[in-house]
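Here the sequence shown is numbered in the UniProt record's numbering, starting from 1 and rising by one per residue.
Using N, Cα and C, we set each Cβ at its ideal position, and we do this for glycine too.
As the structure is a computational prediction, the values presented were derived from the model and not from experiment.
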Amino acid sequence: MTNPVPMAEIWRGPILESVHLGHAVICDDTGQIVEAWGDPQAIVLPRSSSKMIQALPLLTSGAAKAAGLGGEHLALACASHNAAAIHIDRVQAWLDHIGKADDDFRCGPQEPRDIEIRDAMIREGRAPCRIHNNCSGKHAGFLTLSDHLGAGPDYVDPDHPVQMACKTAFEDVTGEESPGFGIDGCSAPNFATSLHGMARAMAFFAAARDGAGTQQTAAAALVQAMVTYPELVAGEGRACTELMRAMDGRVALKTGAEAFFIAIIPERKLGVALKITDGGTRGAECAIAAILVRLGLLDANHPAARKFLNAPIRNFAGLETGSIRPAAAFAA
1 MTNPVPMAEI WRGPILESVH LGHAVICDDT GQIVEAWGDP QAIVLPRSSS KMIQALPLLT
61 SGAAKAAGLG GEHLALACAS HNAAAIHIDR VQAWLDHIGK ADDDFRCGPQ EPRDIEIRDA
121 MIREGRAPCR IHNNCSGKHA GFLTLSDHLG AGPDYVDPDH PVQMACKTAF EDVTGEESPG
181 FGIDGCSAPN FATSLHGMAR AMAFFAAARD GAGTQQTAAA ALVQAMVTYP ELVAGEGRAC
241 TELMRAMDGR VALKTGAEAF FIAIIPERKL GVALKITDGG TRGAECAIAA ILVRLGLLDA
301 NHPAARKFLN APIRNFAGLE TGSIRPAAAF AA
């Protein structure tokens, strides 16, 4: 087994203070590794970076078409959103459309990441609901699929038809039998694979074309939704949203908990999967930005890139005390 390698460094003045180690794989549409760091065979839980895979059965089953879902719905199905008004208003409208309510969700209530919504709720004495969960768009998709399949309400049960469909899709696109699963923060199963398998899956999405079969058509629609509505996939100030905007829709990005990140690059038919082993999100954001710069897709001097790559670290007085930057060997 290959050890993780340095990917992101935290400097305080002239002193290297911290280092984030990780693994990363760039894969082409034939399933072959183009470039790798660390251990491509490391077993990982991709967490929310797998949401576009979990959304595949929503389309391939015909549920999305039957429910009249559009691009905004598909972007939300792939989202880890801030629970800003643009997110919760749309998810609520989706629930209303399919005749469901907040209590039908199986994800737990979550305090909104959006400060404006959070502060308004505090002032009004309102507790967070399930719709505020960052995964509520994915769960709206699960509910839509469950109804279409005529299945029961406990759609996060690993043996439920919704999750069985998700597992089948996951193993199809990763090209590997999953060795198991963990329960995600939103209560749904999150299937494990190798890092190579996850990069292979993202390369499948990158190469997918409308009209080239049911699964490819579904994958292409999900990628298009993500790059068309980057603000729905995450939200203002978030790496996914800001970096997708910086690349003018050429790349779809998705973060996952515990410092996972993927990139889908249609013009090059490449998929990227990245895991920082200490779970530090700042390391994953820096590392994915470095890979995108390395591939010539992201301008390192773009204001959005500068927030995550070679980004200044400031103290409470506003003084620049250091920076986060890609490790020298990784950035070379």
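Exposure label - residue i; buried when at least 16 CB within 10 Å
i	result
residue 285	buried
residue 316	exposed
residue 65	exposed
residue 114	buried
residue 106	buried
residue 96	exposed
residue 15	exposed
residue 60	buried
residue 220	buried
residue 280	buried
residue 179	exposed
residue 47	buried
residue 6	buried
residue 2	exposed
residue 17	exposed
residue 188	buried
residue 93	exposed
residue 137	buried
residue 150	exposed
residue 283	buried
Presumed contact (8 Å Cβ cut-off) between residue i and residue j, rounded CB distance
i	j	result
residue 117	residue 85	7 Å
residue 193	residue 34	Contact flag wrong, Cβ pair sits at about 18 Å.
residue 143	residue 100	5 Å
residue 112	residue 83	4 Å
residue 88	residue 53	At roughly 24 Å, the Cβ-Cβ gap does not stay under 8 Å, so residue 88 and residue 53 are not in contact.
residue 74	residue 55	7 Å
residue 203	residue 28	6 Å
Cα-Cα separation between residue i and residue j, rounded to whole angstroms
i	j	result
residue 78	residue 320	36 Å
residue 270	residue 250	12 Å
residue 288	residue 236	18 Å
residue 311	residue 293	14 Å
residue 41	residue 119	44 Å
residue 102	residue 51	20 Å
residue 19	residue 4	11 Å
residue 212	residue 266	15 Å
residue 22	residue 274	7 Å
residue 263	residue 167	21 Å
residue 197	residue 26	11 Å
residue 215	residue 184	25 Å
residue 160	residue 182	15 Å
residue 252	residue 152	33 Å
residue 49	residue 272	11 Å
residue 303	residue 223	24 Å
residue 169	residue 314	44 Å
residue 337	residue 291	With the chain represented from 1 up to 332, any question about residue 337 goes unanswered, as that position is not in the structure.
residue 67	residue 148	9 Å
residue 239	residue 191	24 Å
residue 234	residue 277	23 Å
residue 254	residue 329	25 Å
residue 110	residue 163	22 Å
residue 186	residue 76	15 Å
residue 309	residue 322	13 Å
residue 326	residue 72	34 Å
First through last residue of the beta strand (DSSP E) which encompasses residue i
i	result
residue 302	Per DSSP, residue 302 belongs to no beta strand (DSSP E) and is neither H nor E.
residue 201	Not the beta strand (DSSP E): residue 201 falls in the alpha helix (DSSP H), residues 195-207.
residue 326	320-326
residue 9	5-12
residue 254	252-256
residue 272	270-276
residue 314	311-314
residue 34	33-37
residue 189	189-191
residue 263	260-265
residue 181	181-183
Residue i - containing alpha helix (DSSP H), residue span
i	result
residue 148	136-149
residue 20	No alpha helix (DSSP H) contains residue 20, which is instead part of the beta strand (DSSP E) from 15-28.
residue 57	56-60
residue 291	281-294
residue 219	214-228
residue 66	63-66
residue 131	No alpha helix (DSSP H) contains residue 131, which DSSP labels as neither H nor E.
residue 71	71-77
residue 105	Careful: residue 105 lies outside any alpha helix (DSSP H) and carries neither H nor E.
residue 168	161-174
Query raised in the report: So, do the region 291-311 and the region 235-251 have three or more beta carbon pairs nearer to each other than 8 Å?
Result: yes
Query raised in the report: Counting pairs of beta carbons, one from the region 160-175 and one from the region 123-134, are three or more of them closer than 8 Å?
Result: no
Query raised in the report: Should the region 205-221 be regarded as contacting the region 150-158, the criterion being three or more beta carbon pairs within less than 8 Å?
Result: no
Query raised in the report: Does the region 4-17 come close enough to the region 248-263 to have 3 or more Cβ pairs within less than 8 Å?
Result: no
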